[in-house]
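Since the structure comes first, as structure tokens, the remarks are kept for the end.
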Ligand SMILES: Cc1ncc(COP(=O)(O)O)c(C=O)c1O
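In our numbering, the protein residues as written are 1061 to 1550.
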């Protein structure tokens, strides 16, 4: 049988190049440039504004006709590559964004080349994703019965986990009938990330039924207030459904008392979902694991891998303790997707039965390669290194009378502000807001800002494997310089 076919045709077009050798050469250059960009990243500013002429150039008319790839690549080199978000830089600590790795970048290239849809097919990419999620089931201390799915990030992982919670605990077939007239209530601390509220809205549960429970002095959920809220809802005829615990709150890195919450959920018959977007990674370090003790008791656990596992965007993971409950929330039959005796669709455990997407990219490859290259032990050490750096930064801040730390540092997030000789709250907020802008514009460092108990604070969330101790001194010096400058004009 001739399986090669006749590749020459005078009339048909393709997106393949005419000259594969030229693409090979250009591809090698792209890889060289990538290595150059990452290996020299420290020499450039953390961030710089896209200049106006470049902004204008990036608003072109529709390109009806094509041009050589070399030209397009040159444009990328001059107009796109110099102006990244900055989270590849050693002094980027804004929001919670991972650094990425060169292996991850190369793996994404390889994955795109295979262009697999990790969904219903009997192929190696499906086995790779299965392998990676099994590793995380084990690393997080989940039982064999658990299932895992890679998703775009923490927001999607929270949505998937809470969808399973709703369907498993509603007491009727929500997929068929909707939530109906029952008012289901959910509970999370006031420090919880807004993706949880988004998920509750999307699931038709109503944001006003997500109880924002008060926190203690360390920003951990007040379990007494939680128990009272549950009791009040039951007394009013509402149906408590789930508690959402934080393993690392977005603002300060606080970890809710997970064992106490697991006990409470067991007593009350509630689902325990843990948002461990970044904090779950503490479980990978033997030294830090006690700080997230109890995480293994969650019914569902959401965490990101593009944050504190340093993988390039986008990738997060959701684990569900009981795989059958996970599948029951999403499994959807379709004649054209039915499993066969053999061949391409011999697979019975479909990824599309565990989440929202049918077509899914091969995002597991970057993790598979990174984790095999470096190992979980090193990943745990890097997480612990970032926590030690956070302690170091906190000590540097505490040693400066002009600076003030505004929250404890249980993990990798340090919140502080310039105080100088000021005391008026509005002036302090305004100064520190401007300080963060000036820091970004200086290119020296990129923390972000947040409100801690209503006051504006500079916030460094350290999920960066390129940071070195010295980088934090540079941040503190810059905060002092800019703060003093601003204070003069306040
Ligand atoms: C605690 C927490 N949950 C959820 C998210 C959302 O994750 P993602 O941005 O990957 O969707 C974040 C992001 O910062 C987070 O810190």
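We treat Cβ as the ideally placed atom computed from N, Cα and C, and that holds for glycine.
8 Å CB neighbourhood of residue i in its chain, flanking five on each side removed
i, result
"residue 1517", "1466, 1467, 1475, 1476, 1477, 1492, 1509, 1510, 1511"
"residue 1537", "none"
"residue 1441", "1345"
"residue 1267", "1257, 1260, 1261"
"residue 1371", "1158, 1160, 1161, 1164, 1365, 1426, 1427, 1430"
"residue 1273", "1247, 1248, 1249, 1250, 1281, 1282, 1285, 1286, 1289"
"residue 1195", "1431, 1436"
Residues that DSSP places opposite residue i in a beta bridge
i, result
"residue 1245", "1300"
"residue 1270", "1246"
"residue 1510", "1517"
"residue 1477", "1464"
"residue 1377", "1210, 1363"
"residue 1275", "1281"
Same chain only: Cβ atoms within 7 Å of residue i, ignoring 5 sequence neighbours per side
i, result
"residue 1308", "1315, 1336, 1337, 1338, 1339, 1471"
"residue 1148", "1098, 1101, 1159, 1160"
"residue 1386", "1207, 1224, 1380, 1414"
"residue 1152", "1106, 1146, 1506, 1524"
"residue 1177", "1419, 1420"
"residue 1456", "1532, 1533, 1536"
"residue 1227", "1234, 1235, 1388, 1389"
"residue 1422", "1171, 1174, 1176, 1178, 1185"
"residue 1485", "1515"
"residue 1130", "1086"
"residue 1462", "1478, 1479, 1480, 1540, 1543"
"residue 1005", "A question about residue 1005 goes unanswered here, because the residues of the chain that appear run from 1061 up to 1550."
"residue 1323", "none"
"residue 1139", "1114, 1117, 1118"
"residue 1202", "1356, 1379, 1381"
Check: residue i C-beta below 7 Å from any heavy atom of ligand 2
i, result
"residue 1216", "Summarising the ligand content, the structure contains ligand 1 and does not contain ligand 2."
Contacting residues, own chain, Cβ-Cβ under 6 Å from residue i (five flanking each side not counted)
i, result
"residue 1358", "1332, 1334"
"residue 1216", "none"
"residue 1487", "1550"
"residue 1410", "1180"
"residue 1473", "1312, 1313, 1521"
"residue 1504", "1538"
"residue 1193", "1208"
Residue-level contact to chain C via CB, residue i, 8 Å cutoff
i, result
"residue 1476", "In summary, chain C is missing from the structure at hand, where a single protein chain is found."
Contact set, ligand 1 heavy atom to C-beta under 5 Å: 1156, 1213, 1214, 1215, 1253, 1255, 1310, 1335, 1337, 1364
In chain order, which alpha helix (DSSP H) runs of at least 4 residues are fully inside the stretch 1135-1188? 1162-1174
Going residue by residue through the stretch 1281-1367, where are the continuous beta strand (DSSP E) segments of at least 3 residues, counting only ones entirely within it? 1299-1306, 1331-1335, 1360-1364
Runs of alpha helix (DSSP H) lying entirely within the stretch 1415-1467, each at least 4 residues, in chain order: 1424-1458
What are the complete beta strand (DSSP E) segments, minimum 3 residues, inside the stretch 1192-1224? 1207-1211
Enumerate, from N- to C-terminal direction, the unbroken alpha helix (DSSP H) stretches of 4 or more residues contained entirely within the stretch 1065-1126. 1080-1099, 1112-1117
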